[in-house]
């Protein structure tokens, strides 16, 4: 019997790591990795940071060099959208050259289609100078407009928006962040961390406005954005606008193939869709998380990479539930911010360390149980929390009373545990 | 070009030429050496490019900074005296012949 063939749709972090992980496991069948973008598969995190300042040159963005795909016998097809899946026939359809349609057979299909940025449907959203920041193409276009002295309006105070605000200040722009929620990073972090970050951005010279709505963007007679109109008729100068208001998972291919979707392609604990030949991973997949106790969708490098390895194992005949500890990182205003665990829904926090000097961790609890840690310039707290959460037993974790104790130190806690 | 040897837990050696500027981590990624994940891409955030420098090493290596030291508290395989994050080891000509041991697990 010939070795099975794998088609991976989406050549981002998840898709590329799937191909690599399959070969690492000794998978000998055909692997086809298909990306809609022209570029060699690349890392996204620098696009809001080092790529814009120039500290990460473009040639450091690729996840792997072209020679990697040749050496690993991975057929990489770039600049080519997949237009349809036919699960009955186990074939996908590609948009070929000159409008020609190409069909490709698979034994296993991995959907790693990622997500697209949301755009607020306000008047003026299509003016020139209004950007989103997701793909390399977005970053190239934005980089050309980030000139010192220009006024940047960032709509949305989430990860991408705040990273960009920090970067733009380094580049000498005047920056305003408009966030509709009560605080920045509202969906992702504790109030304590959100307030600290907002303060740091203000100290960096960024105007941070919360509970404010963008109502409209107004351009000049060349069609270029100049002014943003907020609720209450306030007008803010805006030479460049970036909408950082979240993403929508790319689920169309799955939905059109009658695979169940709902804010993500729905998969089981081994990342399989309703069709046993089809898996979905990364930003586009909604999976049952043992850390959240419910299905969720995560947008992170960690999740895409670990799910890639999980799905490679399943394709190689050894499926295991996906149980990797979720973690995230962001760099803003010189702060190294690392998040471990799923903290949404926590009802109690204990802050450990020195907030004033910007070296602290926020331990987040649901009831008595530690659900995650947010660390600012405290990498050991982050790393140890990841190890403790991975044990997935309450007995591994320090309780709130313990963390509250004066002089509590997670390194010491771990040392005592390991010794015992 | 400096040669770096990556020894997997089963004792298999992979020797690669690593052109500088490049880190020991990136050298492994470029050659798909199994056992280096480097999820964060080299910013000392993730601890998944952990290596053990060979006990007998006498080649000069850069000193360990506090962040690297802290990250090494949470590696998936046990930390040892010789533990380093390979993303924090820029390859220089003086490191020609370096031997690093890959841990059992990175994540």
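Protein chains in written order, with the working numbering: chain A, 475 to 894; chain B, 25 to 131.
Cβ coordinates follow ideal geometry from the N, Cα and C atoms, glycine included.
Beta-carbon gap between residue i and residue j smaller than 8 Å
i: residue 483 of chain A; j: residue 586 of chain A; result: yes
i: residue 699 of chain A; j: residue 598 of chain A; result: yes
i: residue 635 of chain A; j: residue 715 of chain A; result: no
i: residue 846 of chain A; j: residue 814 of chain A; result: yes
i: residue 651 of chain A; j: residue 628 of chain A; result: yes
i: residue 799 of chain A; j: residue 743 of chain A; result: no
i: residue 605 of chain A; j: residue 712 of chain A; result: no
i: residue 96 of chain B; j: residue 71 of chain B; result: yes
i: residue 808 of chain A; j: residue 778 of chain A; result: no
i: residue 741 of chain A; j: residue 759 of chain A; result: yes
i: residue 80 of chain B; j: residue 111 of chain B; result: no
i: residue 568 of chain A; j: residue 556 of chain A; result: yes
i: residue 608 of chain A; j: residue 591 of chain A; result: yes
i: residue 610 of chain A; j: residue 527 of chain A; result: no
i: residue 48 of chain B; j: residue 853 of chain A; result: no
i: residue 515 of chain A; j: residue 509 of chain A; result: yes
Residue i, enclosing beta strand (DSSP E) - first and last residue
i: residue 683 of chain A; result: 681 to 683
i: residue 88 of chain B; result: That residue, residue 88 of chain B, is in no beta strand (DSSP E); it is neither H nor E in DSSP.
i: residue 139 of chain B; result: Residue 139 of chain B falls outside the range modelled here, since chain B spans only 25 to 131, and no answer is possible.
i: residue 804 of chain A; result: 801 to 806
i: residue 678 of chain A; result: Element bounds for residue 678 of chain A: n/a, residue is neither H nor E.
i: residue 762 of chain A; result: 759 to 763
i: residue 717 of chain A; result: 714 to 717
i: residue 51 of chain B; result: Where residue 51 of chain B is concerned, there is no enclosing beta strand (DSSP E), although the alpha helix (DSSP H) it sits in stretches over 48 to 54.
i: residue 849 of chain A; result: 843 to 850
i: residue 830 of chain A; result: Counting along the chain, residue 830 of chain A falls outside any beta strand (DSSP E), and DSSP gives it neither H nor E.
i: residue 567 of chain A; result: 565 to 569
i: residue 560 of chain A; result: 556 to 560
i: residue 76 of chain B; result: 74 to 77
i: residue 703 of chain A; result: 699 to 704
i: residue 816 of chain A; result: No beta strand (DSSP E) holds residue 816 of chain A; DSSP gives it neither H nor E.
i: residue 41 of chain B; result: 37 to 41
The alpha helix (DSSP H) enclosing residue i, as first and last residue numbers
i: residue 769 of chain A; result: Residue 769 of chain A -> not in any alpha helix (DSSP H); beta strand (DSSP E) instead, spanning 768 to 770.
i: residue 887 of chain A; result: 884 to 893
i: residue 781 of chain A; result: 775 to 789
i: residue 856 of chain A; result: 853 to 864
i: residue 615 of chain A; result: 610 to 617
i: residue 638 of chain A; result: 633 to 644
i: residue 730 of chain A; result: 726 to 730
i: residue 546 of chain A; result: That residue, residue 546 of chain A, is in no alpha helix (DSSP H); it is neither H nor E in DSSP.
i: residue 878 of chain A; result: 874 to 878
i: residue 489 of chain A; result: 487 to 498
i: residue 527 of chain A; result: 524 to 527
Short CB-CB distance (under 8 Å) between residue i and chain A
i: residue 27 of chain B; result: no
i: residue 35 of chain B; result: no
i: residue 97 of chain B; result: yes
i: residue 54 of chain B; result: yes
i: residue 115 of chain B; result: no
i: residue 41 of chain B; result: no
i: residue 91 of chain B; result: yes
Short CB-CB distance (under 8 Å) between residue i and chain B
i: residue 866 of chain A; result: no
i: residue 779 of chain A; result: yes
i: residue 712 of chain A; result: no
i: residue 861 of chain A; result: yes
i: residue 498 of chain A; result: yes
i: residue 775 of chain A; result: yes
i: residue 531 of chain A; result: no
i: residue 519 of chain A; result: yes
i: residue 858 of chain A; result: yes
i: residue 853 of chain A; result: yes
i: residue 494 of chain A; result: yes
Presumed contact (8 Å Cβ cut-off) between residue i and residue j, rounded CB distance
i: residue 717 of chain A; j: residue 594 of chain A; result: 6 Å
i: residue 56 of chain B; j: residue 546 of chain A; result: 6 Å
i: residue 495 of chain A; j: residue 783 of chain A; result: 5 Å
i: residue 691 of chain A; j: residue 596 of chain A; result: 6 Å
i: residue 856 of chain A; j: residue 664 of chain A; result: Not confirmed; about 14 Å, so no contact.
i: residue 668 of chain A; j: residue 658 of chain A; result: 5 Å
i: residue 851 of chain A; j: residue 832 of chain A; result: 6 Å
Of the residues that make up the stretch 56 to 83 of chain B, which ones have a beta carbon closer than 8 Å to any beta carbon in chain A?
56, 58, 61, 63, 64, 65, 67, 68, 69, 70, 71
Can you give me, in chain order, the residues of the stretch 539 to 564 of chain A that have a beta carbon less than 9 Å from any beta carbon in chain B?
539, 541, 542, 545, 546
What residues from the stretch 475 to 490 of chain A come within 8 Å of chain B, judged by C-beta to C-beta, listed N to C?
none
Contact residues within the stretch 809 to 825 of chain A, judged by C-beta distance below 8 Å to chain B
810, 812
Using a Cβ-Cβ cut-off of less than 7 Å, give me the residues of the stretch 793 to 806 of chain A that come near chain B, in sequence order.
798, 803
What are the residues of the stretch 119 to 131 of chain B that lie near chain A, defined by any Cβ-Cβ distance shorter than 9 Å?
131
Can you pull out the residues from the stretch 665 to 679 of chain A whose beta carbon lies closer than 7 Å to at least one beta carbon of chain B?
none
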